[in-house]
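This report refers to the structure that appears directly beneath it.
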Amino acid sequence: MKKKNRRLAVVMVASIVAVIVILSVIVAVTGYQQFTHVLEQQYNDTAYEVAETALTYLNPDKLEGYLQSGRTDEEYDAILARLDELVVSSNCNFIYVAKIDETDYMTTTYIYDSVNPATGFSRYEFGYVSRDTDPKYVDDLKHILTTGGRAEKYLYSYTESGAHTTAGLAVQDSAGRVVAVIGVEKSMTVLYGARSTYVRWVASIAVTMVILTLLVYLLWLNRKVIRPIAEITGEAKRFANDGENPVTSLKATKNRYEIGVLASSILKMEAEIKRYIDNLTAVTAEKERIGAELDIATHIQSSMLPCIFPAFPERPEVDIYASMNPAKEVGGDFYDFFMVDDTHLAIVMADVSGKGVPAALFMVIGKTLIKDHTSPGRDLGEVFTEVNRLLCEGNGEELFITAFEGVLDLETGRFDFVNAGHEMPFIRRKGKYTPEKIRAGFVLAGLETTRYRAGSLQMEAGDAIFQYTDGVTEATNAENELYGMERLEAVLNQNADAAPDALLTAVKADIDAFVGDAPQFDDITMLCLEFKEMMR
Amino acid sequence: MTITKNQNGSHLDMALEGRLDTATAPQLEAELKQSMDGVTELALDFAGLEYLSSAGLRVLLSAQKVMNRQGSMVIKNVNETIMEIFEVTGFADILTIA
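In order, the protein sequences belong to chains A and B. The first sequence maps to residues 50 to 585 in the working numbering. The second sequence maps to residues 559 to 656 in the working numbering.
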């Protein structure tokens, strides 16, 4: 499934909006709390000022007397009238003076109670007893009564009738005893309105700021980030698809941030990839050319070896067959056979040290020289001595050739041969192949001064000669074992009656079976000459 | 193939172990090229050598040619298999085998 690319701008804007919204909410909530707190304190202070004023109106020494006798007097009425005026003029809800039962702080006996008519409540008459004091006020009442000071906590309540705050003070008589509590409750009328105004302000400022910031930020983002990145992305995508025409300039390279570096890197990278591709194309073309030339070389080389069989259909005296399987494209082995004159057939088997093109070139020289210098009646030792001398001239690579050449006289069966460091041939006499121990001279192209001597043996009608290169005996299997002379001798004798081409096929099949999957290291070259009858 | 070198002034001993063939001959050639300067006596120890191919023979021939000019080269502890290769190829005639 293709992953859908999310657009960078959308993600960035969304995250910025989210951050600003969260910040605004935090600011609004803290501001709201702070604002409430300050207002509450302000109202409470006012309530306390009213309570202090009311306290000066009272005559505390007489309060206990009123409660004990259950009767009030004229002074009481005068004070109540003044408190009634104060509750209205100070815009408070209630001003009351009450005796608190100090056993549970829950029972309140009202002495004075002035009620602002605007609240719609009516006053508790003198001696009214309330037993349902809110338990959360108990600690504060206890504190006021025992220390004679203010309430420690602010008393606030938020009810259906609105928000209000209460101030509580101890009323002390002339002896300093706490005889009652004076309470003033004030409505926090402005609080709601002010608070909602505040929230609206904060919200609208936040929204305006968000929009303004976003606009500026988006403009900046588009100019400095989105457009350059889009340009780079587009170019990278284009180049990745066609790999051609690397651009030489991008506007984004002028970007002062990392994007500029990225753009420069893209330019540099495209140029280098282009150069690399061109180089690779050239190298590949060159490699293909070399490969094609090697193919031609292989073809030329193999066509240099006589490969039309039967080679001498007009000569019933001999049957000859040869084959070469190079290990690399071009090999260093070669064989040859040709008529020296009407009655003499020459065979050559050779192996150039080393592999590949140098060996193949050296092989061509060697093969040509040997054939050119073999002439009717010429001693083969003399031929190799001369060929060796010529090969040593300008042999900078210090390659050498092991070579065997033999010339069969078809009229007499005399077989002259010369051996320059090459393997012993196998000769079939009376239907049995045996290795012929012949003297070996030094390899060709080794030392300029080497002199070669020819040898000679007699072949009868029905005899055959098998010659090969070390690729046969040194064919190696996966266990690093060599094919060896014994295996070769065995397979030759198993096929002793076979014609040359069938014999070579059988030997090759036996080698292949022995080697198995192991790679072929050396050229495998073989030649078999069967002397069928004397020439008459 | 493992080559152990021991040089003492103009005397260089080299012991070869393993197979000296197309794949390893360049290694021996490089080693020889590097250390043959000024050597007058080169001794190659073939005690640990299992196999020798024509590519190896080529390196030996090059070394023999160099040593013919600047001193002498001797090959020691040649086993039967390798001796046969030297004889078949005629190298037995041009190398000093001790």
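Cβ atoms here follow ideal geometry from the backbone N, Cα and C, with glycine treated the same way.
query                                                                                                                        : result
Closer than 9 Å at the beta carbon, the chain B residues around F570/A                                                       : D579, T580, A581 and S611
Cβ-based neighbour list, K563/B, same chain, cut-off 6 Å, excluding 5 preceding and 5 following                              : M572
Beta carbon of S236/A nearer than 9 Å to that of A212/A                                                                      : yes
Y370/A versus C577/A - alpha carbon distance                                                                                 : 5 Å
Backbone CA spacing between A167/A and D181/A [nearest angstrom]                                                             : 24 Å
Chain-order list of residues whose beta-carbon lies under 7 Å from that of L448/A (same chain, five-residue window excluded) : V401, S402, G403, P407, A408, F411 and A494
Contact set between A489/A and chain B, taken where Cβ atoms lie within less than 8 Å                                        : E645, V646, T647 and G648
Alpha-carbon to alpha-carbon, S352/A and L329/A                                                                              : 34 Å
8 Å contact criterion, which T392/A and D458/A should meet: CB distance rounded                                              : 6 Å
Contacts that D603/B makes with chain A (C-beta to C-beta distance below 9 Å)                                                : The contacting residues do not exist; D603/B stays about 22 Å from chain A at best.
Supposed close pair L316/A, L299/A - CB separation, criterion 8 Å                                                            : 6 Å
Any chain A beta carbon closer than 9 Å to R616/B                                                                            : yes
Contact belief for V646/B with M534/A at Cβ below 8 Å, rounded distance in angstroms                                         : At roughly 11 Å, the Cβ-Cβ gap does not stay under 8 Å, so V646/B and M534/A are not in contact.
Beta carbon of L610/B nearer than 9 Å to that of D579/B                                                                      : yes
Cα-Cα separation between A513/A and R585/A, rounded to whole angstroms                                                       : 19 Å
Beta-carbon proximity of G415/A to A452/A, cut-off 9 Å                                                                       : yes
Exposure label - V636/B; buried when at least 16 CB within 10 Å                                                              : buried
Below-9 Å beta-carbon distance, F470/A vs any chain B residue                                                                : Before going on, a small fix: residue 470/A reads as Gly here, not Phe. Yes - at least one Cβ of chain B is within 9 Å of the one on G470/A.
For M61/A, the nearest candidate out of K148/A, G114/A, N271/A and E151/A (CA to CA)                                         : N271/A
Contact list for S620/B against chain A, beta-carbon separation under 7 Å                                                    : E447
Whether L190/A touches G217/A by CB criterion (9 Å)                                                                          : yes
CA-to-CA distance, H86/A to E113/A, given in whole angstroms                                                                 : 38 Å
Min CB distance M473/A to chain B below 9 Å                                                                                  : yes
Under 9 Å between C-beta atoms of A634/B and A581/B                                                                          : Just to set this straight, residue 634/B is Lys in the shown sequence, not Ala. No, these two residues do not count as a Cβ contact at 9 Å.
Three-way DSSP call (helix, strand, coil) for M50/A in this model                                                            : Its pLDDT being 39, under 50, M50/A is placed unreliably by the model, and the measurement read from it follows with that caveat. M50/A falls in the coil class under three-state DSSP.
Candidates A255/A, T574/A and I281/A: closest to L72/A by CA position                                                        : A255/A
Residues that I633/B contacts on chain A, provided the C-beta gap is smaller than 9 Å                                        : Ordered by position in chain A, no residue passes the 9 Å Cβ test against I633/B, which lies about 16 Å from the chain.
Proximal chain A residues relative to D651/B, where beta-carbon distance stays under 7 Å                                     : F491
Proximity below 9 Å, CB of Y384/A to CB of V397/A                                                                            : yes
Minimum Cβ-Cβ distance from E442/A to chain B less than 9 Å                                                                  : no
As assigned by DSSP and simplified to three states, the class of D561/A                                                      : helix
CB-CB length for E485/A against F475/A, believed under 8 Å                                                                   : 7 Å
Burial state of L574/B, where buried means 16 or more other Cβ atoms lie within 10 Å                                         : buried
Cβ neighbours of M50/A in the same chain (closer than 7 Å, five flanking residues each side left out)                        : Residue confidence is low: M50/A scores 39 on pLDDT, short of 50, so the model does not pin down where it sits. No coordinate-derived value is stated.
Sufficient close CB pairs (3 or more, under 8 Å) joining the stretch 419-431 of chain A to the stretch 581-596 of chain B    : no
Neighbour flag for I640/B against chain A, beta carbons, 9 Å                                                                 : no
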